[in-house]
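Asker: Have a look at this one before I ask anything.
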Amino acid sequence: MLKIGLAQLNPVIGDIDGNCAKIHDFIRDAVSRDVELLVFPELTVTGYLPQDLLFSKQFIDDNVKGLQQILPHVPQNLITVIGFAERVSGKVYNGAALIQGGKIIDKRYKTLLPNYDVFDEKRYFHSAESNLPVPVTINGKSFFLGVEICEDLWDADSDIKITEQLANDGAELIVNLSASPFEYNKRDVRRELMIGKVKKIKKPFLLVNQSGGQDEFVFDGNSMMLDASGNVIAW
853 MLKIGLAQLN PVIGDIDGNC AKIHDFIRDA VSRDVELLVF PELTVTGYLP QDLLFSKQFI
913 DDNVKGLQQI LPHVPQNLIT VIGFAERVSG KVYNGAALIQ GGKIIDKRYK TLLPNYDVFD
973 EKRYFHSAES NLPVPVTING KSFFLGVEIC EDLWDADSDI KITEQLANDG AELIVNLSAS
1033 PFEYNKRDVR RELMIGKVKK IKKPFLLVNQ SGGQDEFVFD GNSMMLDASG NVIAW
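Quick note on the numbering used here: the sequence shown kicks off at 853 and runs consecutively.
Written out as structure tokens, the structure reads:
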């Protein structure tokens, strides 16, 4: 049995210090509750979507520094997964950092980049070239963790099926860091999409969504976790 926390919060675009303070508060609370895996939304450090701020080297550097300041607050008996932006060899990625024992133990990047409606992520980000499950050990419990980011779940129009790939590659639990905007009935649509995926892969799946409002975006939260049979066990 693994004790999991869904850190649904309302970051502010560009307020890296304020967002990291909120992250720290969630981590401190999780530690007090003996949480072993704590998952945050997409781009928690920067807020979603920082748009042309992502063209600023200083902004990217500051968000990485903010993430680094979180590291000492994460003990060995907790793994936390935090959304941030990172530049690698001149390319910017929408990423997730896995942190344990005061250090980043691994990173994963978003593969499917939405470029429709209010989304324009291909303007800012590059797609991940691969996305394998991460081997992790928490309090003597070892397993493979699949990490995907928002659109990686919404793959109906893509030949790439990230959720299925993660399961086929050995993921025993899949987490999705999301910044999925509100629209009428979106909660139910999101839930049914997750249930459909879980019934295919037979693995537990959790999604942590941002809440609050950012510019023209309104985020409804509604984070949830499903067991391997597709039953909603946390909402």
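Each residue gets a CB set at the ideal place from its N, CA and C atoms; glycine is no exception.
1. To the nearest angstrom, report how far apart residue 1030 and residue 945 are at their CA atoms.
2. Mind checking whether residue 936 and residue 915 have CB atoms under 8 Å apart?
3. For residue 1038 and residue 922, I'd like the C-alpha separation in whole angstroms.
4. For the beta strand (DSSP E) that residue 951 lies in, which residues bound it at each end?
5. Count the CB pairs spanning the segment 991-1002 and the segment 856-869 that are closer than 8 Å, and state whether there are at least three.
6. Spatial neighbours of residue 939 within its chain, please: CB distance less than 7 Å, with the 5 preceding and 5 following residues excluded, ordered by chain position.
7. Under 8 Å between the Cβ atoms of residue 964 and residue 1014?
8. Just curious, the alpha helix (DSSP H) that residue 939 is in, first and last residue?
9. I'd like to check one pair, residue 883 with residue 924: are the Cβ atoms closer than 8 Å?
10. Residues bridged to residue 883 by DSSP?
11. On a CA-only basis, which of 895, 1054 and 860 is nearest residue 878? Give me that one, please.
12. Helix, strand or coil for residue 1034? Go by DSSP, reduced to three states.
13. Are the segment 1066-1079 and the segment 888-904 in contact at 8 Å, needing three or more beta carbon pairs?
14. Name the DSSP bridge partner or partners of residue 994?
15. Measure the beta-carbon distance from residue 1005 to residue 1049 and round it to whole angstroms, keeping in mind my assumption that it falls under 8 Å.
16. In three-state terms, what does DSSP make of residue 1076?
17. Using only alpha-carbon positions, find the residue among 984, 1035 and 1010 that is nearest to residue 1026.
18. What three-state label does DSSP hand residue 1106 in the structure shown?
19. Given a threshold of 16 other Cβ atoms within 10 Å of its Cβ, counted over all protein chains shown, does residue 986 qualify as buried or as exposed?
20. Can you tell which of 858, 917 and 854 has the C-alpha that lies nearest to the C-alpha of residue 1076?
21. Going by CA-CA distance only, name the one from 1081, 962 and 982 that's closest to residue 1055.
Answerer: On the basis of the data shown:
1. On the sequence shown, residue 1030 is found 178 positions in, with the first residue counted as 1. On the sequence shown, residue 945 is found 93 positions in, with the first residue counted as 1. Roughly 15 Å separates the two Cα atoms.
2. Walking along the sequence shown from the start, residue 936 turns up at place 84. Walking along the sequence shown from the start, residue 915 turns up at place 63. Yes; because the gap between Cβ atoms is below 8 Å, this pair is in contact.
3. Here the question's residue 1038 lines up with position 186 in the sequence shown. Here the question's residue 922 lines up with position 70 in the sequence shown. Using only the alpha carbons, I get a separation of about 32 Å.
4. Mapped onto the sequence shown, residue 951 falls at position 99. Run containing residue 951: 943-952, per the beta strand (DSSP E) assignment.
5. Contact between the segment 991-1002 and the segment 856-869 is absent: fewer than 3 CB-CB pairs across the two stretches fall below 8 Å.
6. Stepping through the sequence shown from its first residue, residue 939 is reached at position 87. Short of 7 Å from the beta carbon of residue 939, and not among the five residues preceding or following it, lie these beta carbons of its own chain, in chain order: 912.
7. Here residue 964 is taken as the residue at index 112 of the sequence shown, counted from 1. Here residue 1014 is taken as the residue at index 162 of the sequence shown, counted from 1. Cβ distance < 8 Å, so residue 964 and residue 1014 count as in contact.
8. Translated into the one-based positions of the sequence shown, residue 939 becomes position 87. Careful: residue 939 lies outside any alpha helix (DSSP H), inside the beta strand (DSSP E) at 931-940.
9. Position 72 of the sequence shown holds residue 924. Position 31 of the sequence shown holds residue 883. If you check the CB distance, residue 924 and residue 883 do not come in under 8 Å.
10. Working through the sequence shown from its first residue, we reach residue 883 at position 31. Looking at the DSSP output, residue 883 sits in no beta bridge, so it has no partner there.
11. For the purposes of this step, residue 878 is taken as residue 26 along the sequence shown, with counting starting at 1. Measuring from the Cα of residue 878, the nearest candidate turns out to be 860.
12. Along the sequence shown, read from residue 1 onward, the residue named residue 1034 stands at position 182. Of the three classes helix, strand and coil, the one that applies to residue 1034 here is coil, per DSSP.
13. Three or more beta-carbon pairs drawn from the segment 1066-1079 and the segment 888-904 are found closer than 8 Å, and the two stretches are therefore classed as touching.
14. Residue mapping note: residue 994 aligns to position 142 of the sequence shown, counting from 1. BP columns for residue 994 point to 989.
15. The sequence position of residue 1005 within the sequence shown is 153, counting from 1. The sequence position of residue 1049 within the sequence shown is 197, counting from 1. For residue 1005 against residue 1049, the beta-carbon gap comes to about 7 Å, under 8 Å, which counts as contact.
16. Position 224 of the sequence shown, counted from the start, is the residue given in the question as residue 1076. Correct three-state label for residue 1076: strand.
17. The count along the sequence shown starts at 1 and reaches residue 1026 at position 174. Taking residue 1026 as reference, the option from 984, 1035 and 1010 with the minimal CA-CA separation is 984.
18. Residue 1106 lies beyond the residue range present for the chain, which begins at 853 and ends at 1087; the question has no answer from this structure.
19. As a working note, residue 986 is residue 134 in the sequence shown. Answer is buried; the Cβ neighbour count reaches 16.
20. Here residue 1076 refers to the residue found at position 224 of the sequence shown. That would be 858, whose Cα lies nearest to the Cα of residue 1076.
21. Position 203 of the sequence shown, counted from the first residue, corresponds to residue 1055. The option with the nearest alpha carbon to residue 1055 is 1081.
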